[in-house]
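J.:
In our numbering, the protein residues as written are 2 to 225.
1) Put residue 57 into one of helix, strand or coil per three-state DSSP.
2) Taking the continuous beta strand (DSSP E) assigned at residue 76, which residues delimit it?
3) Go ahead and label residue 134 buried or exposed: buried means 16 or more other beta carbons lie within 10 angstroms of its beta carbon, across all protein chains shown.
4) Under three-state DSSP, which class holds residue 201?
5) Assuming residue 14 contacts residue 64 under a Cβ cut-off of 8 Å, what Cβ separation, rounded to an integer in Å, is found between them?
6) Do three or more CB pairs link the stretch 135 to 144 to the stretch 156 to 166 at distances below 8 Å?
7) Per the DSSP calculation, residue 8 is bridged to which residue(s)?
8) Reducing DSSP to helix, strand and coil, say where residue 169 ends up.
9) Quick one: give me the first and last residue of the beta strand (DSSP E) that residue 207 is part of.
10) Taking C-alpha atoms, which residue in 59, 91, 95 lies nearest to residue 11?
11) Please report the distance separating the alpha-carbon of residue 30 from that of residue 36.
12) Return helix, strand or coil for residue 24, following the three-state DSSP convention.
13) Decide if residue 93 is buried, meaning its Cβ has at least 16 other Cβ atoms within 10 Å, or exposed.
14) Could you spell out the range, first to last residue, of the beta strand (DSSP E) harbouring residue 145?
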């Protein structure tokens, strides 16, 4: 029997709820070399990275949760809609980005600025076009608790934004640093656009980019 869960957008999540979301992020990503590298090899910093992303996403993007029958968080995703970029404003950055960066070692901060920030945007643009990321519904975070994976939770969460984007004739895009997620995203209907390796002092990791083009929905009524 399939598990019962609820998916919905949350406009004003509590700090307690965001902390729970950050814990899920850390648990799922603690062995992911992309996440490890961006945290400078310090897994304890992942929660600060996650909180910075989540708070900025709640402010300028859209945050969706999946909860079980008791209201416990079992998964979530966070999107930036067309025209919005994460950490693009001072208001967003004050919500945790500066704190995260201040906790990085000098080596990690240098890597973040001279490798990731310097190369990631250009690689995405080479696949999606100069404004492809900005023009998309960009999925920044998609985290499902391990005990609820492969049970339709992510599909249901993505479906909420897919419906909205389809009505507007917009498209979805995302990236992953996990090779196993190629199957996950293509299974959801995303097209695999390409990948590149990223070297780091903590190990080489991949970036895989995806896009889902959507046809605008046309609503009509038959007249008798």
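Where is the CB? At the ideal position from N, CA and C, for every residue including glycine.
It should be emphasised that the depicted structure is a prediction, and the values quoted were computed from it without experimental measurement.
T.: Let me spell this out:
1) Along the chain shown, one-based indexing puts residue 57 at 56. Here residue 57 sits in helix by DSSP.
2) As a first step, residue 76 is located in the chain shown; it is residue number 75 there, counting from the start. Residue 76 -> beta strand (DSSP E) spans 74 to 81.
3) Counting from 1 along the chain shown, the entry for residue 134 is found at position 133. It is buried - the Cβ of residue 134 has at least 16 other Cβ atoms within 10 Å.
4) Within the chain shown, the letter at position 200 stands for residue 201. Three-state DSSP puts residue 201 in coil, outside helix and strand.
5) Taking the chain shown and counting its residues from 1, the one referred to as residue 14 is at position 13. Taking the chain shown and counting its residues from 1, the one referred to as residue 64 is at position 63. About 6 Å; that satisfies the 8 Å criterion.
6) yes
7) Counting from one through the chain shown, the residue named residue 8 turns up at place 7. Beta-bridge pairing links residue 8 to 67.
8) One-based indexing of the chain shown puts residue 169 at position 168. In this structure, residue 169 counts as helix in the three-state DSSP scheme.
9) Here residue 207 is taken as the residue at index 206 of the chain shown, counted from 1. From DSSP, the beta strand (DSSP E) with residue 207 extends over 206 to 213.
10) Indexing the chain shown from 1 puts residue 11 at position 10. Selected option, being the one with the closest Cα: 59.
11) Stepping through the chain shown from its first residue, residue 30 is reached at position 29. Stepping through the chain shown from its first residue, residue 36 is reached at position 35. Straight-line Cα distance between these residues: approximately 6 Å.
12) As a first step, residue 24 must be located in the chain shown, where it is residue number 23. Residue state, collapsed to three classes: helix.
13) If you number the chain shown from 1, residue 93 lands on position 92. Residue 93 comes out buried.
14) By one-based count along the chain shown, residue 145 stands at place 144. Counting along the chain, the beta strand (DSSP E) containing residue 145 begins and ends at 138 to 145.
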